[in-house]
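> One structure follows; several queries about it will come next.
In this note's numbering, the protein residues as written are 2 to 246.
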């Protein structure tokens, strides 16, 4: 009798942890998406006429803080995808979810590397360039040009590895799962596939797809994350109230 009660307590604990993880992932998805949309709008379109116009644009803004907030929003997305990954029970969905989780962490590492240059490094140069004169101003302009070229080169890679490949894998995992609608999985896979195609082709030097096309992918992924977050919250609520088998 004691063994039966102990086993039941263990199953109850596991079910409660799964429900909590689902709700945690849902909150991360919703808050992260809302924050990312706000940050994306506030970021605005960068001027592409010259390095001077770019540095002037950055000098008027809390550039490093802005990028830090975007990074935190992506970290919330990583938490949401982790919760989604652990909710899969089927074999194919489970494997694809774990692969998607791994690639999302890799993409996040690339993003942080990219944002270290695109955020505080460029802000420091921009602020100094605005105040400098003569030779010092020319030196800072050259530094700004080098940093701009470096960030421009890394941007497609983070698009491919953070906004692209992970969502292709998670989208296919949702398709293979019996717990989520398959159409939602195809939407996620299509949005991720577009981002991966834009990012990887531009990173490799094949500019067959315009970089700005990734904005469409971001828009689709925002809606996708909101839908996934709502479904995870509802599934967590059902799981918490369901009797232990």
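We put the CB at the ideal spot given by N, CA and C, even for glycine.
Determine whether the beta carbon atoms of residue 148 and residue 112 lie at a separation below 8 Å.
Counted from its first residue, the chain shown places residue 148 at position 147. Counted from its first residue, the chain shown places residue 112 at position 111. No, Cβ-Cβ distance for residue 148 and residue 112 is not below 8 Å.
> What whole-angstrom Cβ distance do residue 158 and residue 200 have, given they're in contact under 8 Å?
Against the chain shown, residue 158 aligns to sequence position 157. Against the chain shown, residue 200 aligns to sequence position 199. That pair is a contact at about 7 Å.
> Would you say residue 81 and residue 193 are within 8 Å of each other, going by their C-beta atoms?
Against the chain shown, residue 81 aligns to sequence position 80. Against the chain shown, residue 193 aligns to sequence position 192. No, these two residues do not count as a Cβ contact at 8 Å.
> So what does DSSP say about residue 47, is it helix, strand or coil?
As a first step, residue 47 must be located in the chain shown, where it is residue number 46. In this structure, residue 47 counts as coil in the three-state DSSP scheme.
> Which same chain residues, not among the five before or five after residue 138, have their C-beta less than 7 Å away from its C-beta?
Numbered from 1 along the chain shown, position 137 holds the residue referred to as residue 138. 130.
> Can the beta-carbon of residue 165 be found less than 8 Å from the beta-carbon of residue 173?
To locate residue 165, count along the chain shown from 1; it is residue 164. To locate residue 173, count along the chain shown from 1; it is residue 172. No, Cβ-Cβ distance for residue 165 and residue 173 is not below 8 Å.
> Comparing alpha-carbon positions, which option in 134, 120, 180, 179 lies nearest residue 151?
Against the chain shown, residue 151 aligns to sequence position 150. The shortest C-alpha separation from residue 151 is found at 120.
> I think residue 217 touches residue 198, with their Cβ atoms under 8 Å apart; what is that distance to the nearest whole Å?
The residue you call residue 217 lines up with position 216 of the chain shown. The residue you call residue 198 lines up with position 197 of the chain shown. With a Cβ gap of about 12 Å, residue 217 and residue 198 do not count as contacting.
> Under the assumption that residue 84 contacts residue 179 (Cβ atoms under 8 Å), give the Cβ distance between them as a whole number of angstroms.
Taking the first residue of the chain shown as position 1, residue 84 is located at position 83. Taking the first residue of the chain shown as position 1, residue 179 is located at position 178. Rounded, the Cβ-Cβ distance is 18 Å, inconsistent with contact.
> Looking at the secondary structure, which residues open and close the alpha helix (DSSP H) in which residue 81 lies?
Counted from its first residue, the chain shown places residue 81 at position 80. Counting along the chain, the alpha helix (DSSP H) containing residue 81 begins and ends at 64-88.
> For the alpha helix (DSSP H) containing residue 131, list its first residue and its last residue.
Start at 1 with the first residue of the chain shown, and residue 131 comes out as number 130. Where residue 131 is concerned, the enclosing alpha helix (DSSP H) stretches over 123-132.
> Could you check which residue in 236, 240, 227, 239 has the C-alpha nearest to that of residue 37?
Position 36 of the chain shown, counted from the start, is the residue given in the question as residue 37. Nearest option by C-alpha distance: 227.
> For a minimum of 4 consecutive residues, which ranges assigned as the alpha helix (DSSP H) are wholly contained in the stretch 135-174?
Taking only runs of at least 4 residues, the alpha helix (DSSP H) segments lying wholly in the stretch 135-174 are 135-159.
> If you draw a straight line from the C-alpha of residue 108 to the C-alpha of residue 154, how long is it?
Counted from its first residue, the chain shown places residue 108 at position 107. Counted from its first residue, the chain shown places residue 154 at position 153. Taking the straight line from one Cα to the other gives about 15 Å.
> Roughly how far, in whole angstroms, is the beta-carbon of residue 221 from the beta-carbon of residue 188, given that I think they are within contact range, below 8 Å?
Within the chain shown, the letter at position 220 stands for residue 221. Within the chain shown, the letter at position 187 stands for residue 188. Contact holds; Cβ gap of about 7 Å.
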